[in-house]
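Q: Okay, here's the structure, questions in a sec.
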Amino acid sequence: MILNASGCLDALAAPDVARRLDAFVTKTVTPLPREGNAPVRIAETDAGMLNSIGLANPGIDRFLAATLPRLAELAIRLWVSVGGFATDDYADLCRRLDERDEVQVIELNLSCPNVEGPEETVVDIVTAARASTGKPLFAKLSAAVPDVAATATAAAEAGADGLSLVNTIRGLALDERTLAPTLATATGGYSGPALRPIALAAVFAAYRATGLPIVGMGGVETGRHALELIAAGASACALGTVLFADPRAPGRVRTELAAESRTHGFETPLAARGASHTIVSSLLSDKTKKPAIASEM
Amino acid sequence: MILNASGCLDALAAPDVARRLDAFVTKTVTPLPREGNAPVRIAETDAGMLNSIGLANPGIDRFLAATLPRLAELAIRLWVSVGGFATDDYADLCRRLDERDEVQVIELNLSCPNVEGPEETVVDIVTAARASTGKPLFAKLSAAVPDVAATATAAAEAGADGLSLVNTIRGLALDERTLAPTLATATGGYSGPALRPIALAAVFAAYRATGLPIVGMGGVETGRHALELIAAGASACALGTVLFADPRAPGRVRTELAAESRTHGFETPLAARGASHTIVSSLLSDKTKKPAIASEM
Amino acid sequence: MQREALRVLASEPVGPYRLLRLARGRLDPGMPGQFFMLSPPGHLLPRPMSLCLAPPRELVFLIDPVGKGTRALAEAEPGETMTVLGPLGNGYCLRVEKPLLVGGGIGVAPFPYLSHALGEPPALLGFRTAHHAAAAALVPNAEVVLDPTLVTDVMPSDYDVFACGPEPMLWAVARRAPDAQLAWEAPMACGFGACYGCAVEIGGELRRLCVEGPILELKASRWRKVRRREAA
Amino acid sequence: MQREALRVLASEPVGPYRLLRLARGRLDPGMPGQFFMLSPPGHLLPRPMSLCLAPPRELVFLIDPVGKGTRALAEAEPGETMTVLGPLGNGYCLRVEKPLLVGGGIGVAPFPYLSHALGEPPALLGFRTAHHAAAAALVPNAEVVLDPTLVTDVMPSDYDVFACGPEPMLWAVARRAPDAQLAWEAPMACGFGACYGCAVEIGGELRRLCVEGPILELKASRWRKVRRREAA
Ligand SMILES: Cc1cc2nc3c(=O)[nH]c(=O)nc-3n(C[C@H](O)[C@H](O)[C@H](O)COP(=O)(O)OP(=O)(O)OC[C@H]3O[C@@H](n4cnc5c(N)ncnc54)[C@H](O)[C@@H]3O)c2cc1C
Ligand SMILES: Cc1cc2nc3c(=O)[nH]c(=O)nc-3n(C[C@H](O)[C@H](O)[C@H](O)COP(=O)(O)OP(=O)(O)OC[C@H]3O[C@@H](n4cnc5c(N)ncnc54)[C@H](O)[C@@H]3O)c2cc1C
Ligand SMILES: Cc1cc2nc3c(=O)[nH]c(=O)nc-3n(C[C@H](O)[C@H](O)[C@H](O)COP(=O)(O)O)c2cc1C
Ligand SMILES: Cc1cc2nc3c(=O)[nH]c(=O)nc-3n(C[C@H](O)[C@H](O)[C@H](O)COP(=O)(O)O)c2cc1C
Ligand code: FES
Ligand code: FES
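What follows is the structure, given as structure tokens:
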């Protein structure tokens, strides 16, 4: 399963790219329209990029009236990402989306670093969202927490059907000449290759803690990167930053992933799910034994 | 001011490297001796490295009896990093160090991702440490928190004299062939170039929130990187991962930093402290005005 | 929107700029004013570049090496490949009666291709120094002014103006020629509407320059461009 | 401990391995069994390599391209430079009466230099295939055995054994020759005691192999090596 990462593709502006995905995830929709932050909103860094888009979106009313019907015409599975500033926002957004057959999955953006975060906790939001919709709910979490397994468990217990991991992490870039922050908001969300080990660790911990379906993302550029997320526990993989440089990435990564999986002896990519854990578990049980050679000496 | 990052240099094994620093920071000392984690403990990634050393150290007794006197012979300023598993641990460690004139500064490691974290909060630990010593206390914080400015403020209010930012972030790497975690502990602490934007953002936020002295670190490899941390708000800069590849980095970075500072019109590196904020502030106040050109149109 | 790894044929200095010649592959050169995203070797994100010239089987770009990405583009060696996406955005509208090209600095980049399409109309080009003005040789029928003279000091009226250049110049041109077609710039991560990074304020709203522009007329709507931060 | 950017003089295939010849610069070749940290271009961390040969004005390494870093080292082209730190660690103790070198696979790497220092004593080398055994040509007076025969199947007793090779071989050698000097390996980030990454269990404690080793005798203390994870 290959998806786009929320906010990294506009299916209406690039329908050919979207059609190569197994599902299209919208940019996060908020209760009211948002222009987003002042420019400059993007900056490249050595191993990634920063963005401070600030959830620019038409707001739920215009989204339901104008955007969603046009997206439905594309005839691809639709995931709608929602974000808000209070528990009620999420509940309302989910209630509105619940009525719409075009929507397959709702992704709760609980982790955007570019807006003031929701004050209430993950538990409150997921609980409220759960009460408002029967649609599958994916909780999108940040890796910028002391214990991602604990957050993932909280989301699972509150009724999330799956997890999306990871969102960006706060970063800063300074202008080469002036040392002023490149982004108008100063800091922004850090994405791209630098996130790969962080995303892998978050998926690994959340899979072990919850066993829920997981959309893994963070710096995926190749089939190898996708396979690593799946081995760590992801059941699907989302492409973000890579799409900006390579809109053909969905098809390419899918082909590479199938080939890589076979190279590693898995018939399908999904057969590799959690593979890294199997090896770890056998190791951990090893540790309780005395090393064979040591006892020989 | 150029320091080493805790755990990234042994001054006794490499005294010539340590002597090029303005102060040497010890590897984190814990109440009891620790062997550290099982090997494999290090792995290279595309834009950084992972470690799961696990605070290998002789414990405070042996440290005070054997290590500290030998370090003192090197005649360089000594910072001792301490870590524990409960508030009392930190209080005890600080009390023990308080009696020793060799020790200039105590760094409280509040953020190592390789051991089970202290249950109590930053506030409790800093408060307890503050009550146990008159020596300057630097709180070393993680960037893996939702709001590093809030944590920094908490540390400041509890009595920290300065901050060390940032520690590693949890990451995972998988073996090329087997997809098993490379590290025996599976996940480990991610350091190196990938951390640069994250470290810059943390220093930027903590400086704005507290104004405290800050030791900036995270992927510093050149004088330019050091200058960026200083412009973001650091008053000193620590070298970690770079030392493994280049033990000459302290002298080199110092020279480069002096040159870079002059290129940007600062007489000394420290004159650049907070420079990025000055530009931001003038921008922020700009925003309250209507853009001049807009009103013309 | 096509994407292809193109062969670098040549990289020639033009004053402080570089003229980068790429084998065209199967890419369409598009309309004057449209742009391509060029991937600098070793960088994560591609950079937007207007098409400068479109000789047979080539795509040619004029590059001002102002930062890391443009320096890497300018340093590409013949024989290497460079990944290119495009053409993107909306070009100039060519159905005008009395065209005049008004440009400044690297803003001349789209003019050689535009001039050809318009039958080599007069052009008025401003440069900081005579060294920079070397780029004027690429534009037929060009009159050059150098700092401190500004193009708007000598710009005749009653022309259909096509402008490209630094923002203050664009605003000054628009004040004197409200119907001018202006080529705007903004940092872009994708160039095809995916990232929302290139937002500028159009008609009172922040909108994507890569989708709505980069060529915009001022008259269509009362709009203001959010001022980009002036560094220090 | 010196560090210098050395010029690559040549990179020659030896069976599946590469013999990498570097201009020595001002670096000291050190003692046989000591090692250097070589920085593969494009990688963050250097990789430990035993010195293989020390002809005048050269430092020569034998490299098995098993992963990203060693592949990058093996692919270095003459004329490029490579940063090298060393010599590091403790070498073999050469004051023995009846030396015998026992090695397997890439474990032969330190033997050419060691053999020279010991006056070309007999050597017993095991390889997986005849292709791998090409490296035996670098070691004077070498007898080669191929899989499934193991060096320990044919190892004579009453020699002062110098061993280098895969861990199972080292353990087998030590069981038959408890006084053997064994060259151990562990992943290393720094090579000079800074990172604590290279910990192995020595005398019941995890200690740094780069500081205490890499040459260790088994007899000195009852010790066990923490088993490195066998992948899958
Ligand atoms: C539609 C379009 C067409 C363009 N055509 C050309 C062209 O033909 N030739 C040419 O040389 N340049 C052109 N540019 C500008 C070029 O894309 C930027 O100079 C380039 O992206 C900067 O990348 P960098 O990595 O070199 O600079 P950076 O290191 O990213 O930045 C260097 C400086 O340039 C500023 N900057 C960065 N990106 C932009 C941008 N897109 N617009 C304006 N300023 C920016 C930064 O704020 C900074 O001050 C065009 C831009 C657009 C949007
Ligand atoms: C003191 C010392 C001397 C050495 N001398 C030589 C030499 O002369 N020639 C030579 O070819 N190699 C030598 N090695 C081994 C060499 O350093 C490793 O093969 C290399 O670091 C692997 O890096 P990589 O990026 O290619 O592999 P990676 O991609 O990091 O790993 C590939 C595989 O090798 C394993 N591995 C990684 N590092 C080591 C290590 N240090 N020791 C054992 N296994 C490892 C990994 O677990 C993995 O299975 C020496 C090692 C030490 C400690
Ligand atoms: C320009 C940009 C805009 C983004 N917008 C959103 C968003 O609206 N909602 C959201 O949940 N995540 C958003 N993200 C985060 C991505 O969905 C993804 O979690 C992150 O970028 C990591 O994946 P990557 O490294 O592959 O880009 C955005 C990321 C980028 C780069
Ligand atoms: C091998 C290794 C060991 C470390 N040990 C410690 C430690 O004992 N205590 C501590 O506070 N930080 C420790 N750190 C974190 C560093 O001090 C530093 O915060 C981090 O590596 C970021 O800096 P860098 O990117 O320059 O390495 C360690 C880092 C590494 C790479
Ligand atoms: S550049 Fe990405 S939306 Fe315009
Ligand atoms: S390799 Fe770093 S301590 Fe041994």
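Chains as they are written, first to last, in the working numbering: chain A, 121 to 417; chain B, 121 to 417; chain C, 994 to 1225; chain D, 994 to 1225. Backbone N, C-alpha and C fix where the C-beta goes; we use that ideal spot for every residue, glycine too.
Based on the DSSP output, what are the partners of LEU1202(D) in its beta bridges?
A: As a first step, residue 1202(D) is located in the fourth sequence; it is residue number 209 there, counting from the start. According to DSSP, which records beta bridges pairwise, LEU1202(D) is partnered with nothing at all.
Q: What does THR307(B) pair with, by DSSP beta-bridge criteria?
A: For the purposes of this step, residue 307(B) is taken as residue 187 along the second sequence, with counting starting at 1. Answer by DSSP bridge pairing, in chain order: LEU292(B).
Q: For ASP209(B), which of GLY127(B), ASN124(B) and ILE180(B) has the nearest alpha-carbon?
A: The residue labelled residue 209(B) in the question sits at position 89 within the second sequence. When only C-alpha atoms are compared, the closest one is ILE180(B).
Q: Could you check the C-alpha separation between ALA1065(C) and ARG316(A) for me, to the nearest Å?
A: Residue 1065(C) sits at position 72 when you count from the first residue of the third sequence. Residue 316(A) sits at position 196 when you count from the first residue of the first sequence. The alpha-carbon atoms of ALA1065(C) and ARG316(A) are separated by roughly 25 Å.
Q: Taking the alpha carbon of VAL323(B) as the reference point, which residue from ASP212(B), GLY353(B) and LEU359(B) has its own alpha carbon closest?
A: As a first step, residue 323(B) must be located in the second sequence, where it is residue number 203. The residue with the shortest Cα to Cα distance from VAL323(B) is GLY353(B).
Q: Closer than 7 Å by beta-carbon distance: list the chain A residues that pair up with SER396(B), in chain order.
A: Counting from 1 along the second sequence, the entry for residue 396(B) is found at position 276. Per Cβ cutoff of 7 Å: LEU294, LEU299, ALA300 and PRO301.
Q: For the beta strand (DSSP E) holding MET1075(C), just list the boundary residues, first then last.
A: Stepping through the third sequence from its first residue, residue 1075(C) is reached at position 82. 1074-1081 is the extent of the beta strand (DSSP E) around MET1075(C).
Q: Excluding five sequence neighbours on each side, which residues of the same chain lie with their C-beta closer than 7 Å to the C-beta of VAL160(A)?
A: Looking up residue 160(A) in the first sequence gives position 40. For VAL160(A), where only same-chain residues beyond five positions count, the Cβ hits under 7 Å are THR302, LEU303 and ALA304.
Q: Which residues mark the beginning and the end of the alpha helix (DSSP H) in which SER252(B) is found?
A: Start at 1 with the first residue of the second sequence, and residue 252(B) comes out as number 132. It spans 242-252 - the alpha helix (DSSP H) in which SER252(B) sits, taken as one unbroken run.
Q: Can you list every residue whose CB sits closer than 7 Å to some heavy atom of ligand 5, going in chain order?
A: PHE364(A), MET1181(C), ALA1182(C), CYS1183(C), GLY1184(C), PHE1185(C), GLY1186(C), ALA1187(C), CYS1188(C), TYR1189(C), GLY1190(C), CYS1191(C), ARG1201(C), LEU1202(C), CYS1203(C) and VAL1204(C)
Q: Could you tell me whether any Cβ in chain C is nearer than 9 Å to the Cβ of ARG368(A)?
A: The count along the first sequence starts at 1 and reaches residue 368(A) at position 248. Taking Cβ atoms only, chain C reaches closer than 9 Å to ARG368(A), which makes this a yes.
Q: For the alpha helix (DSSP H) holding MET1162(D), just list the boundary residues, first then last.
A: Here residue 1162(D) corresponds to residue number 169 of the fourth sequence, with the count starting at 1. From DSSP, the alpha helix (DSSP H) with MET1162(D) extends over 1160-1169.
Q: Once you ignore the five residues that flank GLU236(A) on each side, which residues in its own chain have a CB closer than 6 Å to its CB?
A: Your numbering for residue 236(A) matches position 116 in the first sequence. With a pLDDT of only 49 at GLU236(A), under the threshold of 50, the placement of this residue in the model should not be trusted; the figure read from the coordinates follows. Around GLU236(A): no qualifying Cβ.
Q: Give me whichever residues DSSP pairs with GLN995(D) in a beta bridge.
A: The count along the fourth sequence starts at 1 and reaches residue 995(D) at position 2. For GLN995(D), which the question treats as bridged, DSSP gives the partners GLY1079(D).
Q: Is the beta carbon of TRP1177(D) sitting closer than 9 Å to the one on LEU1199(D)?
A: On the fourth sequence, position 184 is the one that residue 1177(D) refers to. On the fourth sequence, position 206 is the one that residue 1199(D) refers to. Against a cut-off of 9 Å, the Cβ pair of LEU1199(D) and TRP1177(D) comes out as no contact.
Q: I need the straight-line Cα distance from ILE173(A) to SER252(B), nearest angstrom please.
A: For the purposes of this step, residue 173(A) is taken as residue 53 along the first sequence, with counting starting at 1. For the purposes of this step, residue 252(B) is taken as residue 132 along the second sequence, with counting starting at 1. Answer to the nearest angstrom: the Cα atoms are 46 Å apart.
Q: Looking at C-alpha atoms only, which residue of PRO1048(C), GLU1005(C), GLY1008(C) and PRO1025(C) is the closest neighbour of GLY1018(C)?
A: Within the third sequence, the letter at position 25 stands for residue 1018(C). Among PRO1048(C), GLU1005(C), GLY1008(C) and PRO1025(C), the Cα nearest to that of GLY1018(C) is on PRO1048(C).
Q: For ALA1150(D), count neighbouring C-beta atoms within 10 Å of its own C-beta (all shown protein chains included) and say buried if the count is 16 or more, exposed if not.
A: The sequence position of residue 1150(D) within the fourth sequence is 157, counting from 1. The residue asked about is misnamed: residue 1150(D) is Ser in this sequence, not Ala. Exposed: under 16 other Cβ atoms inside 10 Å.
Q: Leaving out five residues before and five after ALA1123(D) in sequence, what residues of the same chain have Cβ atoms less than 8 Å from its Cβ?
A: Stepping through the fourth sequence from its first residue, residue 1123(D) is reached at position 130. For ALA1123(D), where only same-chain residues beyond five positions count, the Cβ hits under 8 Å are LEU1139.
Q: For the segment 150-177 of chain B, which residues have a CB atom closer than 8 Å to at least one CB atom of chain A, in sequence order?
A: Residues of the segment 150-177 of chain B that bring their beta carbon within less than 8 Å of a beta carbon in chain A comprise ALA158, THR165, ASP166, ALA167, GLY168 and LEU170, in sequence order.
Q: Would you list, in sequence order, the uninterrupted beta strand (DSSP E) runs of no fewer than 3 residues that lie entirely inside the segment 1011-1081 of chain D?
A: 1028-1031, 1040-1043, 1051-1056 and 1074-1081
Q: Of all Cβ atoms in chain D, is any one closer than 9 Å to the Cβ of ASP130(B)?
A: What you label residue 130(B) is simply residue 10 of the second sequence in a count that begins at 1. Yes, ASP130(B) counts as interfacial toward chain D.
Q: What residues in the segment 997-1010 of chain D have a beta carbon less than 9 Å from any beta carbon of chain B?
A: none
Q: Does ligand 3 have a heavy atom nearer than 8 Å to the CB of GLU227(A)?
A: Within the first sequence, residue 227(A) is the residue found at index 107, counting from 1. Look at GLU227(A): its beta carbon is less than 8 Å from one of the heavy atoms in ligand 3.
Q: Enumerate in chain order the residues of its own chain whose CB-to-CB distance from PHE386(B) is below 7 Å, with the five nearest sequence positions on each side excluded.
A: Residue mapping note: residue 386(B) aligns to position 266 of the second sequence, counting from 1. Answer for PHE386(B): ALA392, listed in chain order.
Q: Rounded to the nearest angstrom, how far is the Cβ of PRO370(A) from that of ARG140(A), given a contact under 8 Å?
A: By one-based count along the first sequence, residue 370(A) stands at place 250. By one-based count along the first sequence, residue 140(A) stands at place 20. The Cβ separation is near 4 Å, so the contact holds.
Q: Assuming contact is defined by CB atoms lying nearer than 9 Å, are PHE1104(C) and VAL1144(C) in contact in what I supplied?
A: The residue you call residue 1104(C) lines up with position 111 of the third sequence. The residue you call residue 1144(C) lines up with position 151 of the third sequence. Not in contact: PHE1104(C) and VAL1144(C) (Cβ atoms no closer than 9 Å).
Q: Quick one, which of ALA1165(C), HIS1125(C) and ASP1153(C) has its alpha-carbon nearest ASP1146(C)'s?
A: To locate residue 1146(C), count along the third sequence from 1; it is residue 153. Nearest option by C-alpha distance: ALA1165(C).
Q: Considering LEU1153(C), what are the terminal residues of the beta strand (DSSP E) in which it resides?
A: The sequence position of residue 1153(C) within the third sequence is 160, counting from 1. Checking the sequence, you will find Asp at residue 1153(C) rather than Leu. 1153-1157 is the extent of the beta strand (DSSP E) around ASP1153(C).
Q: For the alpha helix (DSSP H) that LEU424(A) lies in, which residues bound it at each end?
A: Residue 424(A) lies beyond the range of chain A shown here (121 to 417); nothing can be said about it.
Q: Determine the contact status of GLY204(B) and LEU213(B), defining contact as a CB-CB distance below 9 Å.
A: As a working note, residue 204(B) is residue 84 in the second sequence. As a working note, residue 213(B) is residue 93 in the second sequence. In contact: GLY204(B) and LEU213(B) (Cβ atoms closer than 9 Å).
Q: For VAL1059(C), verify whether its CB is less than 8 Å away from any heavy atom of ligand 1.
A: Numbered from its first residue, the third sequence carries residue 1059(C) at position 66. Flag set: Cβ of VAL1059(C) near ligand 1.
Q: Going by other Cβ atoms of all chains shown within 10 Å of its Cβ, with 16 needed for buried, is GLY1196(D) buried or exposed?
A: Taking the fourth sequence and counting its residues from 1, one reaches residue 1196(D) at position 203. Classification of GLY1196(D): exposed, given that the 10 Å Cβ count is below 16.
Q: For the segment 1062-1075 of chain C, list every residue whose C-beta sits within 9 Å of some C-beta in chain A, in sequence order.
A: GLY1062
Q: Please list, in chain order, the chain C residues whose beta carbon lies closer than 8 Å to that of GLY312(A).
A: Taking the first sequence and counting its residues from 1, the one referred to as residue 312(A) is at position 192. Taking the beta carbon of GLY312(A) as reference, the chain C residues within 8 Å of it are LEU1037, listed in sequence order.
Q: Starting from GLU1194(C), follow the beta strand (DSSP E) in both directions and report where the run begins and ends.
A: Residue numbering aside, residue 1194(C) sits at position 201 when the third sequence is read from its first letter. Here the beta strand (DSSP E) through GLU1194(C) covers 1192-1195.
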